[in-house]
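Since the structure comes first, as structure tokens, the remarks are kept for the end.
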Amino acid sequence: MFLTLTAAGTVAAAASLSLGRSVGAFTRTAGATISELVLPSPAVRAAAIPAEAVVDIDGVEPFITPNDEFYRIDTALAVPELTPQEWSLRIHGLVEEEVTLDMPQLLDLPLEEHHITLTCVSNPVGGDLLGTATWLGYPVRELLAQARPLPEADMVLSRSVDGFTASTPLEALTDSRDSLLAIGMNGDPLPAEHGFPARLVVPGLYGYVSATKWVIELEVTRFDQDTAYWTDRGWDEKAPVLVSSRIDVPGSLQEVDSGDVVIAGSAWSQQEGIEKVEVRIDDGEWQEAEMAAEVSADTWRQWRYVYADADSGRHSVTVRATNAAGETQTDERRDPIPNAATGQHRIEFRVS
Numbered sequence: 001m002f003l004t005l006t007a008a009g010t011v012a013a014a015a016s017l018s019l020g021r022s023v024g025a026f027t028r029t030a031g032a033t034i035s036e037l038v039l040p041s042p043a044v045r046a047a048a049i050p051a052e053a054v055v056d057i058d059g060v061e062p063f064i065t066p067n068d069e070f071y072r073i074d075t076a077l078a079v080p081e082l083t084p085q086e087w088s089l090r091i092h093g094l095v096e097e098e099v100t101l102d103m104p105q106l107l108d109l110p111l112e113e114h115h116i117t118l119t120c121v122s123n124p125v126g127g128d129l130l131g132t133a134t135w136l137g138y139p140v141r142e143l144l145a146q147a148r149p150l151p152e153a154d155m156v157l158s159r160s161v162d163g164f165t166a167s168t169p170l171e172a173l174t175d176s177r178d179s180l181l182a183i184g185m186n187g188d189p190l191p192a193e194h195g196f197p198a199r200l201v202v203p204g205l206y207g208y209v210s211a212t213k214w215v216i217e218l219e220v221t222r223f224d225q226d227t228a229y230w231t232d233r234g235w236d237e238k239a240p241v242l243v244s245s246r247i248d249v250p251g252s253l254q255e256v257d258s259g260d261v262v263i264a265g266s267a268w269s270q271q272e273g274i275e276k277v278e279v280r281i282d283d284g285e286w287q288e289a290e291m292a293a294e295v296s297a298d299t300w301r302q303w304r305y306v307y308a309d310a311d312s313g314r315h316s317v318t319v320r321a322t323n324a325a326g327e328t329q330t331d332e333r334r335d336p337i338p339n340a341a342t343g344q345h346r347i348e349f350r351v352s
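So for the sequence shown, the UniProt record's numbering puts the first residue at 1; every next one is plus one.
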């Protein structure tokens, strides 16, 4: 099922990868190739999202983010065009055996479906550069197991067809988390702008070290030997997602009717999960919000709080989350670089 490269095969693969970097000049449109890819049924299917996990209030972002609304942050000046027929993945470096995988081989593997929230490191406090999708793919740990990384390896340098690189801790790709070589998103092939035909999805890490789109290469290496696009620019090497939360409703400076005011939003701490969310009205005491059911530790968790008999006038509300490890979201304000913005989301609203 896997092709192990000989010395001659390595040269041929390198040539094909080099050719792949300029494939946009001669391929058909991305839309046509996407429509032709038929996704197989997953061997492991994601559980249905229970009603108890959803806060059904106007203005709260849907639990599953539609593909056309999912945030996009990358370095591509133009979306690469790569057909499934031209795509292949090469795994090499500090491994016992080099491995290549093409699309027919990938489609023949027992694919898995998982709900996973992805987060951009440049997301400001209260921002919308995150989303949750149902991803279809094959566990990266199984691919790496075929290559058998050497004991001294501690990082995987992934490369996109356009030359972008990301440095991911090897542990995050070989432990029990649901790190995927993904080809599907919310029941459809990946949209072109989200990595068609294949990308990485790694729960618990910010995208700049893990979410390589249009991925064609995994080089097993070491942090003290190689760097990647964003780490070369001063960003943190490991980049675990920080516990965070956001207020979706009411909107900032929104005027609401007097009486009970519903405050709601989401919180996230991938790999740990959210234990509780608290809100503070004006300068009052912290009050626990009502939590929607948890889908998994790798997805955001929705919450709501009722500000009963709200007084007329201008008010503020602040939110903070605590994850299952007992870590509470800090109120210290920090810029995104080198490892994400910190602080607590606060908005003001007016009660009529």
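A virtual CB, placed ideally from N, CA and C, is assigned to each residue, including glycine. What you are looking at is a predicted structure, and each value in this text was computed from that prediction instead of being measured.
With DSSP run on the structure shown, which of helix, strand or coil describes residue i?
i	result
H345	coil
D112	Note that residue 112 corresponds to Glu in the displayed sequence, not to Asp. Here E112 sits in strand by DSSP.
N339	coil
Q105	helix
Y208	helix
A166	strand
R246	strand
S35	helix
P147	One point to set straight first is that residue 147 is Ala, not Pro, in the sequence displayed. Helix, per DSSP.
N186	coil
D260	strand
L118	strand
E193	helix
R199	strand
Leaving out five residues before and five after residue i in sequence, what residues of the same chain have Cβ atoms less than 6 Å from its Cβ?
i	result
C120	I73, L129, G207
T75	F164
E327	V243
G131	T65, F70, Y71
Can you tell me which residues form a DSSP beta bridge with residue i?
i	result
G313	V351
Q302	S266
Y138	L181
S158	A166, L218
N123	N123 pairs with nothing; no bridge assigned.
H92	E219
Q287	V279
Taking all protein chains shown into account, do 16 or more other C-beta atoms lie within 10 angstroms of the C-beta of residue i, making it buried, or fewer, making it exposed?
i	result
V44	exposed
E275	buried
V38	exposed
Q344	buried
G126	buried
L180	buried
D178	buried
S22	Its pLDDT being 31, under 50, S22 is placed unreliably in this model, and the coordinates cannot settle the point.
Q225	exposed
E113	buried
W135	buried
S158	buried
S269	buried
G259	exposed
S35	exposed
Using a Cβ-Cβ cutoff of less than 8 Å, which residues in the same chain neighbour residue i once the five nearest sequence positions on both sides are dropped?
i	result
N67	A133, M185, N186, D188, P191, H194
A292	E52, A53, V54, V55, R301, Q302, W303, R304
E294	A53, G273, I274, R301
P124	P336, A341
A153	G93, L94, V95, L170, V220, T221, R222
A182	W135, L136, G137, L190, G195, A198, R199, L200, V201
V11	Bear in mind that the predicted position of V11 carries a pLDDT of just 31, short of 50, making it too unreliable to give a figure here.
Using C-beta distances below 7 Å, list every residue in its chain close to residue i, excluding the 5 sequence neighbours before and after it, in chain order.
i	result
T174	R141, L144
S296	H115
E288	K276, E278
Q271	R177, P203, G204, A297, D298
P338	G234, W235, D236
R148	V95, E96, E97
P42	L111, E112, E113, L136
Quick one: Cα of residue i to Cα of residue j, how far?
i	j	result
P250	R199	35 Å
I57	A264	8 Å
A228	E217	13 Å
R350	G59	17 Å
G234	P336	11 Å
D311	D283	14 Å
E97	F223	21 Å
S352	H315	11 Å
A321	D232	32 Å
Q85	A166	24 Å
L5	S88	Its pLDDT being 34, under 50, L5 is placed unreliably by the model, and nothing is read from it.
F63	M155	32 Å
E255	V261	11 Å
P151	E348	53 Å
A325	L77	40 Å
V306	A48	28 Å
S245	R90	38 Å
S210	M103	21 Å
R333	W230	22 Å
Y71	P139	23 Å
Q105	E61	37 Å
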